[in-house]
Amino acid sequence: MDKKLGVYLCSGCSIGDSLDIEALEKIAINEYKASVCKKHAFLCSNEGVELIQKDIKDEGVNTVVIGACSPRVNYDIFRFGDDTILERVNLREHVAWCQTPKDEDTQMLGEDYLRMGIVKAQKSEIPEPFIGEELSSSILVIGGGIAGMTSALDAAKIGTNVILVEKEKELGGWAKKMHAQYPKKEPFTELKPTEIPELEKEITENEKIKILTSAVVEKISGQPGQFEATIKQGEKSSSYKIGSIVLASGWKPYDPKKLTHLSYGKNPNIITNVQMEERVSSGEPLVTSNGKAPKKIAFIQCAGSRDKDHLPYCSSVCCMVSLKQALYCREQIPDSKVFIFYKDLRTPGQYEDFYRRVQNDEGTFLTKSEIKAIEPNGNGIIVEATDTLLGEDIKVNVDMVVLATGMVPTTLDNNILNLDYRKGSELPDLKYGFPDSHFICFPYETQRTGIFAAGCVRAPLDLDGARSDGTGAALKAIQATELVSRGQALLPRVGDTSYPEFFMQRCTDCKRCTEECPFGAIDGTEKGTPLPNPNRCRRCGICMGCCPERIISFKNYSVEILSSMIKAIEVPDEFEEKPRILAFVCENDAYPAMDLAGIRRTKYSPFIRTISVRCIGSINNVLIADSLSKGIDGILLIGCKHGDDYQCHFIKGSELLGTREENLKETLQRLMLEPERIKAVQLQINEYDQLATMFSDYVEEITDMGYNPFKGM
Ligand SMILES: Cc1cc2nc3c(=O)[nH]c(=O)nc-3n(C[C@H](O)[C@H](O)[C@H](O)COP(=O)(O)OP(=O)(O)OC[C@H]3O[C@@H](n4cnc5c(N)ncnc54)[C@H](O)[C@@H]3O)c2cc1C
Ligand code: SF4
Ligand code: SF4
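Just remember that the working numbering sits 725 ahead of the position in the sequence shown, which is counted from 1.
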């Protein structure tokens, strides 16, 4: 593409009060030979935008650099079509709003950002979307519980073909086995049958849904839009072309055999809530092992849940389930007494009304307590507890104990998806097995692109929660096939048409990219040659960061582009007064945090230059070397929080950096440079108030250390 550069500078929003705009114009025209360079007092106005549009139309400008507000705002206003390269230089939030106006250092900062933006635009190319052949828009739903059934039905209702695979003989999941469900509607006091029969009828009558019961997935290969699923039903295996997948394989009860401290297994009358549900829904009268109706029944809440030695999380339904089952007992055996021992009763929203109903029942006793012991005693069982409200010890002799055990996701079974992926056949193992990807921002996403989780496999939920999850995941699955059909990325870079391209002639088959891609997007031959699957890719650039040969790049994001941006920074000689720190900032958390700091007019050091990166894991080591040889005195790598409650939008990009940081520090030491010249920092988006101190502390540390000896070489 023959580039014709147009640079447009806004002097509104205090930018003109802060920066010498004419000096910026000169840089664009004299240093970068911009064909057009214009300034406007209100560039995002109709008049301002028309000015740019006119130059695109009449002057043939096809590479537009806008020096104005953050690219995170007005993106719908500054939009000039797929044929135009657009680069936004953040002169407002990152300069005018956080620096001293008309100061020499402020001007130098603005000028550097303009240079870096122009160079980026000049080096970028317009991405051509990857659109695979024979794309399918069908959705495979695995699991026919309430979540899977809802997903299948909702997707089918808007015209999508669905294949619903259920391993049991019948649809319905756990809900089908329930005697009744706790109330979901006003007045929130009466038990109701579940809606499974109606849902089942609707699904069976819907022509868009192919139901395969007594069936399991034998193998899934391919990528979004082009998955091939082999499904085994009885002895017969069949293959289906699939666009995206909803995993709704549900939950299983926490293994009660592990609850020896609650005496499970020591007495047949110590049962779980699941066993209680089975007994009541069987239609047989509720009896103990000696065939008599229990007159005293104890429910033990959080049996193994919210317990660091078992399930540290709350299963969210057990409190409501025990209240429901207390009613089963009281209705079947009116002269019975029910004791509910709880740590906290969690009955959110309108469920409080149901709690009141049970609480007001004269045969039900609720005690906030800690269980001390549960011991079989002759024909009965003694429950010993400390009432945590009154501080008294209580002892109750009961006929039956029901342990309110929690849920664990079926993904812990590890044989559901059978993915033909080099990175593993199931979803990556997470601490508790719930297969999330970024639990805060993208609830249904898993770590395998185009595979979405819904219902209790994703998080402990009740029937209503699982239903809305089913709907949410169906919408995500449809969105996935739609985006793939346009060659666009799924979350978090929705709509991005760039994808990593490999210059294979120089590949050494080192397998680094295959191993480090968090999404299993890159398969590989036995020898190690990468086999990329562009539709599995989330466009994070982690592969680009890890490739020692630097042969992975995107049309608009590459080592070369980043390196040129670094080289565009003007590094002054006078270190004492003007050190230079380069901060690579993650576009998902750190960059918006800087915007927030700007919006709050937080002043920070003018010696920091930032480069926004897709993921902090996309920084190739060579960029660090380039920065140091340019004379940059210190390098900050600001990524997202990682760990168990990670918030990295690309799962482990910021974590990977930790390992790379260590290697880099060793390299620095070999070059006789202080390892502290590189510093990795984790920052959450809401920690914008820490930026100013973080920057000034690092500037001080580097100033004390002295200048980079490579400066000026
Ligand atoms: C004792 C008890 C009582 C409850 N009572 C209530 C209540 O009254 N009200 C309420 O709102 N909630 C209640 N709940 C919660 C409720 O059970 C869940 O919300 C619901 O089961 C979630 O549905 P799901 O579709 O996510 O999972 P599931 O019900 O577990 O369904 C998953 C389906 O996937 C299938 N499957 C599993 N693996 C595969 C595979 N590899 N291939 C194909 N298919 C597979 C399973 O056979 C199953 O049919 C109760 C929970 C418990 C423990
Ligand atoms: S850009 Fe990210 S998701 Fe795509 S192949 Fe590279 S590492 Fe994997
Ligand atoms: S990291 Fe680079 S050199 Fe190594 S296998 Fe991947 S593409 Fe080839």
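Yeah, the Cβ is synthetic: ideal placement off N, Cα and C, and Gly gets one too.
None of the values given here were measured: they were computed from a predicted structure.
### Query
Given 8 Å as the limit, is there contact between the stretch 1299-1306 and the stretch 1248-1256, that is, 3 or more CB pairs closer than that?
no
### Task
Hey, could you find the ends of the alpha helix (DSSP H) Val1083 is sitting in?
Tyr1076 to Gln1084
### Message
Would you say the beta carbon of Arg1237 is closer than 7 Å to some non-hydrogen atom of ligand 3?
### Response
yes
#### Entry: Under 8 Å between C-beta atoms of Val718 and Ile1336
Residue 718 lies beyond the range of the chain shown here (726 to 1438); nothing can be said about it.
### Query
Would a C-beta distance cut-off of 8 Å place Ala900 and Ile921 closer than the cut-off?
yes
### Query
Since Ser1047 and Ala1129 are thought to touch, with beta carbons under 8 Å apart, how far apart are those beta carbons, to the nearest angstrom?
The beta-carbon separation of Ser1047 and Ala1129, rounded to 5 Å, stays under the 8 Å limit for a contact.
### Query
Got a sec, what are the start and stop residues for the alpha helix (DSSP H) Ser1352 sits in?
It spans Asn1346 to Lys1355 - the alpha helix (DSSP H) in which Ser1352 sits, taken as one unbroken run.
### Query
Where does Trp976 sit, in a helix, a strand or coil, going by DSSP?
strand
### Task
Apply the 10 Å Cβ neighbour rule to Thr788 and answer buried if 16 or more other Cβ atoms are within range, or exposed otherwise.
The residue is buried, with at least 16 neighbouring Cβ atoms inside 10 Å.
### Task
Check whether the Cβ of Arg1263 sits closer than 7 Å to any heavy atom of ligand 2, and report yes or no.
yes
### Task
In the DSSP assignment, find the alpha helix (DSSP H) that holds Pro688 and state where it starts and stops.
Nothing in the structure corresponds to residue 688, since the chain is present only between 726 and 1438.
### Query
On the three-state DSSP scale, how would you describe Ala1199?
Reduced to three states, the DSSP call for Ala1199 is helix.
### Task
Could you check how far apart the C-beta atoms of Ala905 and Leu896 are, in whole angstroms? I think they sit under 8 Å.
Actually they do not touch by this definition, with Cβ atoms about 19 Å apart.
### Query
Between Val999 and the rest of its own chain, which residues show a CB-CB distance below 6 Å, the 5 nearest in sequence each way excluded?
Pro978
### Query
Quick one: is the Cβ of Pro1255 within less than 7 Å of any heavy atom of ligand 3?
yes
### Cβ separation of Glu891 and Ala954, assumed to be a contact under 8 Å, to the nearest whole Å
About 14 Å; that fails the 8 Å criterion.
### Message
So if DSSP puts Pro1257 in a beta bridge, which residue, or which two residues, is it bridged to?
### Response
Ile1247
### Alpha-carbon to alpha-carbon, Ile802 and Gly869
45 Å
### Task
My understanding is that Thr1072 touches Phe1079, with C-beta atoms under 8 Å, so please give their C-beta distance in whole angstroms.
The C-beta separation of Thr1072 from Phe1079 comes to about 7 Å, placing the pair in contact by the 8 Å criterion.
### Query
So what does DSSP say about Pro1134, is it helix, strand or coil?
strand
#### Entry: Whether Ser964 touches Gly1175 by CB criterion (8 Å)
no
### Task
Report the residue from Gly1364, Glu1387 and Ser1421 whose alpha carbon sits nearest the alpha carbon of Lys1409.
Correcting the residue identity first, residue 1409 is Gln in this sequence and not Lys. Relative to Gln1409, the option among Gly1364, Glu1387 and Ser1421 whose CA is nearest is Gly1364.
### Query
Taking only runs of the beta strand (DSSP E) that begin and end inside the stretch 857-888, which ones reach a length of at least 3 residues, in chain order?
864-867
### Cα-Cα separation between Ile856 and Gly1378, rounded to whole angstroms
26 Å
### Query
What's the gap between the Cα of Glu932 and the Cα of Leu924?
14 Å
### Segment contact flag, the stretch 777-787 with the stretch 824-832, C-beta cutoff 8 Å, min 3 pairs
no
#### Entry: Run of the beta strand (DSSP E) containing Phe1164, from where it starts to where it stops
DSSP places Phe1164 outside any beta strand (DSSP E), giving it a letter other than H or E.
### Query
Ends of the alpha helix (DSSP H) at Ala1417?
For Ala1417, the enclosing alpha helix (DSSP H) starts and ends at Leu1416 to Met1430.
### Query
Is Pro1273 near ligand 3, with its Cβ less than 7 Å from a heavy atom?
yes
### Query
Do you know how far the Cα of Arg1325 is from the Cα of Leu1348?
31 Å
#### Entry: At least 3 beta-carbon pairs within less than 8 Å: the stretch 818-829 vs the stretch 1311-1330
Yes, they touch.
### Task
Closer than 6 Å by C-beta to Glu1109: which residues in its own chain qualify, once you throw out the five before and the five after it? Chain order, please.
Lys1097, Ala1098 and Lys1120
### Query
Which two residues bound the contiguous beta strand (DSSP E) that contains Pro922?
No beta strand (DSSP E) holds Pro922; the alpha helix (DSSP H) holding it covers Ile921 to Glu930.
### beta-carbon Met1319 near ligand 1 non-hydrogen atom, thresh 7 Å
Flag unset: Cβ of Met1319 not near ligand 1.
### Task
Between the Cα of Phe1375 and those of Val1338, Thr1392 and Gln1394, spot the shortest distance and give me the residue it belongs to.
Taking only the C-alpha atoms, the option nearest Phe1375 is Val1338.
### Task
Let me know if Val1470 comes out buried or exposed under the rule of 16 or more other beta-carbons within 10 Å of its beta-carbon.
Within the shown structure, residues of the chain are numbered from 726 to 1438, placing residue 1470 beyond reach of any answer.
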